[in-house]
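Undergrad: Supplied in structure tokens, the structure appears directly below.
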Amino acid sequence: PAVPVPVKINPGPLGLSAFALTTFVLSLFNLGAGVPSGGPVTVVTGLALFYGGLTQILAGMWEFKVGNNFGATAFTSYGAFWLSYAAILIPGFGIVPAYANAPDHTLDNALGIFLLGWGIFTFMLWIATVRSTMTLSSMFFILTITFFVLSSAHLSHLSAGNLVTKIGGALGLVTAFLAWYNAAAGLYDASNTFVKLPTGSL
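Numbered by my numbering, the letters in the sequence shown go through residues -8 to 193 in order.
Structure follows, in structure tokens:
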């Protein structure tokens, strides 16, 4: 009997797309597009839970299945990031209300440390991309800067709508578009399109 040809599984475009869209929406809010910078961002909660969160974790598990340790680590971790961010926004978790009676700027400091930790982790991942492609390495490099910039805005106790947060929003938009580009580059092949996107091997 004929041996079936195994189907090539590539969870990368799914994970990148989930990361890109959630980052795109939150970054627009940070930039002040559509809503005031520093204003309510709770509309991103659903995205953070189901697309940026759950979908990325699933993509990470599938990356383990195909033996891609980097993809599994990145997607599972950023999926958990978005789930934890959603938890901060959901009143039922009691995270923000727990700081109601804390000294001034305690919540800002906590959020700054939260983002700082993710910046350090992202820097670690960026080091693991310097022999991959230009577009992938650039995405992680800019994402690292984005986390550090947003962290500094909180740790500096800047007021809502500050310039630093807007710069972080702009950097986040660049990250989102790079993520979409990398997703498209992985999705487009000879079986479905004539389009081939260059990624620049390093």
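From the three backbone atoms N, C-alpha and C, an ideal C-beta is built for every residue, glycine too.
When the Cα of Phe55 is compared with those of Pro88, Gly25, Ser18 and Ile0, which residue comes out closest?
TA: Taking the sequence shown and counting its residues from 1, the one referred to as residue 55 is at position 64. Checked all of Pro88, Gly25, Ser18 and Ile0; the closest Cα to Phe55 is Ile0.
Undergrad: Note down, in chain order, each residue of its chain lying with its Cβ closer than 8 Å to the Cβ of Gly62, except the 5 sequence neighbours on either side.
TA: Here the question's residue 62 lines up with position 71 in the sequence shown. Pro2, Gly3, Gly6, Ala50, Gly51 and Glu54.
Undergrad: Starting from the Cα of Gly103, find the closest Cα among Phe132, Asn153, His148 and Met125 and give me that residue.
TA: Taking the first residue of the sequence shown as position 1, residue 103 is located at position 112. When each option's Cα is compared against that of Gly103, the closest is His148.
Undergrad: Opposite Ser192 in the DSSP bridges: which residues?
TA: Within the sequence shown, residue 192 is the residue found at index 201, counting from 1. For Ser192, which the question treats as bridged, DSSP gives the partners Thr124.
Undergrad: Can you tell which of Phe132, Ile158 and Ser129 has the C-alpha that lies nearest to the C-alpha of Ser143?
TA: Looking up residue 143 in the sequence shown gives position 152. Nearest option by C-alpha distance: Ile158.
Undergrad: Which residue from Ile48, Tyr90 and Leu40 puts its Cα closest to that of Ala77?
TA: Taking the sequence shown and counting its residues from 1, the one referred to as residue 77 is at position 86. Nearest option by C-alpha distance: Leu40.
Undergrad: Look at Thr190 and Thr126 and say whether their C-beta atoms are less than 7 Å apart.
TA: As a working mapping, residue 190 is identified with position 199 in the sequence shown. As a working mapping, residue 126 is identified with position 135 in the sequence shown. Yes, the Cβ-Cβ distance between Thr190 and Thr126 is below 7 Å.
Undergrad: Hey, how far is the Cα of Leu116 from the Cα of Phe131?
TA: In the sequence shown, residue 116 corresponds to position 125, counting from 1. In the sequence shown, residue 131 corresponds to position 140, counting from 1. So the alpha carbons of these two residues sit roughly 7 Å apart.
Undergrad: Restricting to Cα atoms, I'd like to know which of Phe20, Ser8 and Tyr179 is closest to Leu199.
TA: Past the edges of the chain, shown from -8 to 193, lies residue 199, and the structure says nothing about it.
Undergrad: Pick out the complete beta strand (DSSP E) segments inside the stretch 114 to 167, 3 residues or longer, and give them in chain order.
TA: Entirely contained in the stretch 114 to 167, not one beta strand (DSSP E) run reaches 3 residues.
Undergrad: Give every residue of the same chain whose Cβ lies closer than 8 Å to the Cβ of Ser128, excluding the five residues on either side of it in the sequence, and list them in chain order.
TA: For this step, residue 128 is matched to residue 137 along the sequence shown. Cβ within range, chain order: Trp117, Thr120, Val121 and Leu193.
Undergrad: Name the residue from Ser75, Ile86, Gly83 and Asp95 whose alpha carbon lies nearest to the alpha carbon of Leu106.
TA: Looking up residue 106 in the sequence shown gives position 115. With distances taken between Cα atoms, Leu106 lies closest to Ser75.
Undergrad: Excluding the five sequence neighbours on either side, which residues of its own chain have a C-beta within less than 7 Å of the C-beta of Gly25, listed in chain order?
TA: For this step, residue 25 is matched to residue 34 along the sequence shown. Result list for Gly25: Leu19, in chain order.
Undergrad: Taking 8 Å as the limit between beta carbons, can you name the residues of its chain near His96, skipping five residues before and five after?
TA: Against the sequence shown, residue 96 aligns to sequence position 105. Around His96: His148.
Undergrad: Kindly indicate which residue of Thr67, Ser150, Thr137 and Ser182 has the alpha-carbon position closest to the one of Phe15.
TA: The residue labelled residue 15 in the question sits at position 24 within the sequence shown. Nearest option by C-alpha distance: Thr137.
Undergrad: Taking Phe84 as the reference, which of Ala170, Leu188 and Thr36 has the closest Cα?
TA: Along the sequence shown, read from residue 1 onward, the residue named residue 84 stands at position 93. With distances taken between Cα atoms, Phe84 lies closest to Thr36.
Undergrad: Between Thr113 and Leu134, is the Cβ-Cβ spacing less than 7 Å?
TA: Indexing the sequence shown from 1 puts residue 113 at position 122. Indexing the sequence shown from 1 puts residue 134 at position 143. Cβ atoms of Thr113 and Leu134: closer than 7 Å.
Undergrad: Have a look at Ile86 and Leu45 and give me their C-alpha separation to the nearest angstrom.
TA: For this step, residue 86 is matched to residue 95 along the sequence shown. For this step, residue 45 is matched to residue 54 along the sequence shown. If you take the alpha carbons of Ile86 and Leu45, they lie about 20 Å apart.
Undergrad: Have a look at Gly70 and Tyr179 and give me their C-alpha separation to the nearest angstrom.
TA: Residue numbering aside, residue 70 sits at position 79 when the sequence shown is read from its first letter. Residue numbering aside, residue 179 sits at position 188 when the sequence shown is read from its first letter. Near 24 Å, if we compare the C-alpha coordinates of Tyr179 and Gly70.
Undergrad: Would Ala11 pass as a contact of Gln47 if the rule is Cβ separation under 7 Å?
TA: Here residue 11 refers to the residue found at position 20 of the sequence shown. Here residue 47 refers to the residue found at position 56 of the sequence shown. Going by C-beta atoms, Ala11 is not nearer than 7 Å to Gln47.
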